[in-house]
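Student:
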Amino acid sequence: MELKGPTGWVSLILHSCLLMLLSTGWPSVVAVVGNWFGNSSKKGLIMGIWNSHTSVGNILGSVIASSMIKYGWGWSFFWPGLFVFLIGLVVYFFLVVSPQTDGFVLTTEIELNGTEKDISVDVPANPEVEQLSLLNSDDPDSFGVGLDDAICNDAIGFMAAWRLPGVASFAICLFFSKLVAYTFLYWLPFYIRHTAVAGVHLSHETAGLLSTIFDVGGVLGGVMAGLISDKLGVRAVTSVSFLLLSIPSLVLYRVYGSRSMFSNNALMFLCGSLVNGPYALITTAVSADLGTQSAIKGNSRALATVTAIIDGTGSIGAAIGPVLVGYISTSGWNTVFGMLIASVFTAALSLIPAVMSELRMLKSGVQMNVTA
């Protein structure tokens, strides 16, 4: 986009304000879902299913944009904007932020002497008290959290959150994962339009509709990543496995995707599942794990900060990816796919410390509740 005249600058300012406002949503909603399901043993599956709304939104956005081309691109912004405004009113008036605010009591999982036991703790519905710990112990370290720490509600600082175990690794991983995912989101319709599928060049509308298959695969990938990580208790290993498997799928899509409509759709679905799987897992269950880990000592406000750091770092990659493709696509699509594969591999490398930590804990037979 060339910034010629006042219209270009107004457009830039409005888009910047839009993105700034939209970016406040994700850390907040992850924190809310974490308040309700943060202690669930099926947190990965629950959040994977919940996270499917992002892919559904991408699908609806692509469909609306494709169908509005003949009327003008302005309508592609008007209808989603109106819908977001109406849903925002519903959320503002009816969202219950946490169980305690609605009068529920807490059920806390407490680890005793290396063995997990489910203990129901009747807690008054008081928002000032969000966690309790056992105090009558000869060894305070056996429980790890004192009352003063348990009821600490001060917001954690940026650098303190960044230094938490696992936060930096997963933030860097999401940077490259989101770079790949958003490159597909923005460039896939263009790629399909300009690449003959079975010898036929598709229309803009058809290419836009077909590109939604990538997001349909992302729904399955997010759910499967959450389910597998719950079953095995390893978030980093699951993420790396999906990332490494996505590399051959990207190669296959580039080489064989244009052979037929079936191969195009099937390989696009596979790429969407493997690329979006770790992206969905990191932005939901992993963020909830890292934002509620024992190192924070009961700081209930840390979850939103940790989520904001991880997702914000990923959003930088999401902004860079599509712009970068705009420059390197002049060298051919093989160069673009090479960049995507290199990004996926770098994302996997960034999680090596977390993977080694999880494997050591599995080898020692320790049940893992928090990815570190």
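Residue numbers (the working numbering): 1 to 372. Just so you know, even glycine gets a beta-carbon here, dropped at the ideal spot from N, CA and C.
1) Count the other C-beta atoms from every protein chain shown that fall within 10 angstroms of the C-beta of S277, then say buried if there are 16 or more, exposed otherwise.
2) Out of curiosity, what's the CA-to-CA distance linking T54 and T330?
3) Thinking just about the alpha-carbon of each residue, which of L220, V200, L351, R254 is nearest to the one in L243?
4) Anyone know if the C-beta pair for L45 and V223 falls short of 8 Å?
5) Taking buried to mean at least 16 other C-beta atoms within 10 Å of its own C-beta, is F94 buried or exposed?
6) For S229, which residues from the same chain have a beta carbon less than 7 Å from its beta carbon, with the 5 sequence-adjacent residues on both sides left out?
7) Quick one: give me the first and last residue of the alpha helix (DSSP H) that P322 is part of.
8) Among G72, S62, H204, A308, which has the Cα closest to the Cα of G157?
9) Taking the Cβ atom as the reference point for each residue, do E205 and I328 lie within a distance shorter than 8 Å?
10) Can you give me the C-alpha to C-alpha distance between Q293 and F190, rounded to a whole angstrom?
11) Excluding five sequence neighbours on each side, which residues of the same chain lie with their C-beta closer than 8 Å to the C-beta of F176?
12) At what residue ranges does the segment 186-216 contain a whole run of the alpha helix (DSSP H), taking only runs of 4 or more?
13) Could you check how far apart the C-beta atoms of L202 and I192 are, in whole angstroms? I think they sit under 8 Å.
14) Just verifying my parser: in three-state terms, what is the DSSP assignment at R163?
15) For Q376, name the three-state secondary structure that DSSP assigns.
16) Taking a contact to mean a Cβ-Cβ separation below 8 Å, would you say F170 touches I64 in this structure?
17) In angstroms with no decimal places, state the Cα-to-Cα distance between N369 and A160.
Tutor: Straight from the coordinates:
1) For the purposes of this step, residue 277 is taken as residue 277 along the sequence shown, with counting starting at 1. For clarity, residue 277 is Gly in the given sequence; the question names Ser instead. It counts as buried.
2) As a first step, residue 54 is located in the sequence shown; it is residue number 54 there, counting from the start. As a first step, residue 330 is located in the sequence shown; it is residue number 330 there, counting from the start. T54 and T330 have their C-alpha atoms spaced approximately 31 Å apart.
3) Position 243 of the sequence shown, counted from the start, is the residue given in the question as residue 243. For L243, the nearest C-alpha among the options comes from L351.
4) Position 45 of the sequence shown, counting from 1, holds the residue named residue 45. Position 223 of the sequence shown, counting from 1, holds the residue named residue 223. In this structure, V223 lies closer than 8 Å to L45 by Cβ.
5) Here residue 94 refers to the residue found at position 94 when the sequence shown is read from its first residue. So F94 counts as exposed.
6) Walking along the sequence shown from the start, residue 229 turns up at place 229. A distance below 7 Å between beta-carbons, with the five flanking residues on each side excluded, links S229 to the following residues of its chain, in chain order: G44, R235, T238, L281, A285.
7) Indexing the sequence shown from 1 puts residue 322 at position 322. Boundaries of the alpha helix (DSSP H) harbouring P322: 302-328, taken from the DSSP string.
8) Residue 157 sits at position 157 when you count from the first residue of the sequence shown. Answer by Cα proximity: A308.
9) In the sequence shown, the residue the question calls residue 205 occupies position 205. In the sequence shown, the residue the question calls residue 328 occupies position 328. Result no, Cβ atoms of E205 and I328 do not sit closer than 8 Å.
10) By one-based count along the sequence shown, residue 293 stands at place 293. By one-based count along the sequence shown, residue 190 stands at place 190. One C-alpha to the other measures close to 42 Å.
11) In the sequence shown, residue 176 corresponds to position 176, counting from 1. Same-chain partners within the cutoff: G317, S343, V344, T346, A347, S350.
12) 204-210
13) Residue numbering aside, residue 202 sits at position 202 when the sequence shown is read from its first letter. Residue numbering aside, residue 192 sits at position 192 when the sequence shown is read from its first letter. So it is a contact: roughly 6 Å between Cβ atoms.
14) Walking along the sequence shown from the start, residue 163 turns up at place 163. Coil at R163, not helix or strand.
15) The question about residue 376 has no answer, for the chain in this structure spans 1 to 372.
16) Here residue 170 refers to the residue found at position 170 when the sequence shown is read from its first residue. Here residue 64 refers to the residue found at position 64 when the sequence shown is read from its first residue. No, the Cβ-Cβ distance between F170 and I64 is not below 8 Å.
17) To locate residue 369, count along the sequence shown from 1; it is residue 369. To locate residue 160, count along the sequence shown from 1; it is residue 160. Since pLDDT at N369 reaches only 48, below the 50 mark, its modelled position is unreliable, and no value is offered.
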